[in-house]
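A.B. asks: Quick note: the sequence shown uses our numbering, first residue 10, plus one each step. Starting off with a structure, shown below.
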Amino acid sequence: MVTECFINDNFLLTSEPAVRLYHEYAKEMPVFDFHCHLNPREILEDKKYADLTEIWLSGDHYKWRLMRANGVDEEYVTGNADNYEKFLKWADTISKAVGNPLYHWTHLELKRYFGVDRLLSPKTAPEIWKTCNEKLLDLSARKLIQMSNVKAICTTDDPVDDLKYHIELAKDKSFNVRVLPTFRPERALTVGGPGFVQYMERLSEASGIIIESFDDVVSALGIQAEFFKSVGCVLSDHSFGSPDFTVVSAEGARSAFSKALRGEKPTWDEINAYQTELMLELGRIYNKAGFVMQLHVGVIRDNNSRMLESAGKDTGFDAIGDGISAASLAALLDGLEKTDELPKTVVYCLNDNENDKIASILGCYQKGPAAGKLQLGSAWWF
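So, in structure tokens, the structure goes:
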């Protein structure tokens, strides 16, 4: 049985030019991570990890999906099983996943951060567990980031966040990595959704604006965007399924908000009108603030309702949706370009069937002085 790892210095480099380009140019280039979900508190406190399961398996829905597909009981995925038992289940799972990107990532991480040159399997798992846990004693959140040659990290943050960890990190001269917030107003966009009224109360408290109307929401978000900018923010981010930005109705947007504030359910057309109007207002805010607008589209979330009840959101039950219609994307971009208020934009689509369409639409709105003002984003997660 082969136990030696396939990862080497020239892994996936299949020609001499590739080897030269990587080793002489790309290898030492720094990482500027413009979209991640790292916890700024863990970075500030330089968190240390109890074991390999905590750093590797807790919160990683990519691995959880694969474990479920391998028939692993939920007790060993998101349940209360012992961390070592969870790790053994992962070792068994990944040993059967040759060709899956997770197989490559797993062994790349074992080699790069722990110096482990063996394939992970049920047979090698006990030794790898012991070796990695010993090395974790000398590793921490900051050290792992610095080992990766990261120069900047943009976290994902709600407009109501106080950003205290980012503020403290900016003062810490012992850490040479910039940790910047990203403005993600997703909860402000889910009009009529669970907790919307309570969220408006939090937004009101954070901004100092009494929120009684749609215009108040826009004002409050504008204030919070300026606050984020003062802490170093240069990006916004939004996640949508298949939004319809062709529904343009200021009256419908205001009706949706009024109904939601009263605890009533807006109609579907009103919800679309609200999201369109608010995204147009946000786009103008971003253009003024100098934020890049990131749009993640094409996801269908929380498909397994039974598991949503037991495991919660963001635990591996989202999937590829239908993407965004050409008319919808063009309507949003054109609505902002009409008044010369279209910010720099990156569009990521979970459904790769949409990429040609999206790229061609983005080309309709390119202009100077920025080269590539609008960009087609990389693969989102599938």
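Idealized CB from N, CA, C, for every residue including glycine.
(1) Per DSSP, which one or two residues make a beta bridge with C163?
(2) How big is the Cα-Cα spacing for G201 and I294?
(3) Give every residue of the same chain whose Cβ lies closer than 7 Å to the Cβ of A100, excluding the five residues on either side of it in the sequence, and list them in chain order.
(4) Indicate whether the contact test is met: 3 or more Cβ pairs, each with one atom in the stretch 254–270 and one in the stretch 301–309, closer than 8 Å.
(5) So, helix, strand or coil for T102, using DSSP?
(6) Checking 8 Å against the spacing of the C-beta atoms, do T7 and F236 come in under that value?
(7) Looking at the unbroken beta strand (DSSP E) that takes in Y357, where does it start and where does it end?
(8) Secondary structure at I367, three-state DSSP: helix, strand or coil?
(9) If I measure Cβ to Cβ from T115 and keep anything under 8 Å in the same chain, skipping five residues before and after, which residues do I get?
(10) Between which residues of its own chain and I64 is the CB-CB distance below 6 Å, once the five residues before and five after are set aside?
(11) Is A380 helix, strand or coil by DSSP?
(12) For L61, does the three-state DSSP call read helix, strand or coil?
(13) Please determine, among D55, L111 and M76, the residue with the shortest C-alpha to C-alpha distance to E94.
(14) Answer yes or no: do A234 and L212 have a C-beta to C-beta separation smaller than 8 Å?
(15) Less than 8 Å between C-beta atoms, sequence neighbours within five positions excluded: which residues of the same chain meet that for K238?
(16) Within 10 Å of its beta-carbon, does S314 have 16 or more other beta-carbons around it, so buried, or fewer, so exposed?
(17) Can you find at least 3 beta carbon pairs, one from the stretch 38–56 and one from the stretch 158–173, that sit closer than 8 Å?
(18) For L385, which beta-bridge partners are listed by DSSP?
(19) Return the CA-CA distance between C242 and E136, expressed in angstroms with no decimal places.
(20) Quick one, which of A262, W277 and P275 has its alpha-carbon nearest E290's?
(21) Distance, Cα to Cα, G372 vs R187?
(22) I need the straight-line Cα distance from K152 to E346, nearest angstrom please.
(23) Please classify D361: does DSSP put it in a helix, a strand, or coil?
C.D. replies: Answer, in terms of the structure:
(1) L189
(2) 23 Å
(3) So the list reads L129, S130, P131 and A134, once near-sequence residues are dropped.
(4) no
(5) helix
(6) One cannot answer for residue 7 here, as it falls past the ends of the chain, which runs 10 to 391.
(7) Unbroken beta strand (DSSP E) run through Y357: T354 to C358.
(8) Three-state DSSP puts I367 in a helix.
(9) Closer than 8 Å at the Cβ level, and outside the excluded window around T115, lie I103 and L129.
(10) Cβ-Cβ distances below 6 Å link I64 to Y58 in the same chain, with the five nearest sequence neighbours on each side left out; the list follows chain order.
(11) Looking at A380 - three-state DSSP - the assignment turns out to be coil, as it is neither helix nor strand.
(12) helix
(13) M76
(14) no
(15) A298, G299 and F300
(16) It is exposed - the Cβ of S314 has fewer than 16 other Cβ atoms within 10 Å.
(17) yes
(18) V356
(19) 43 Å
(20) It is A262.
(21) 32 Å
(22) 43 Å
(23) helix
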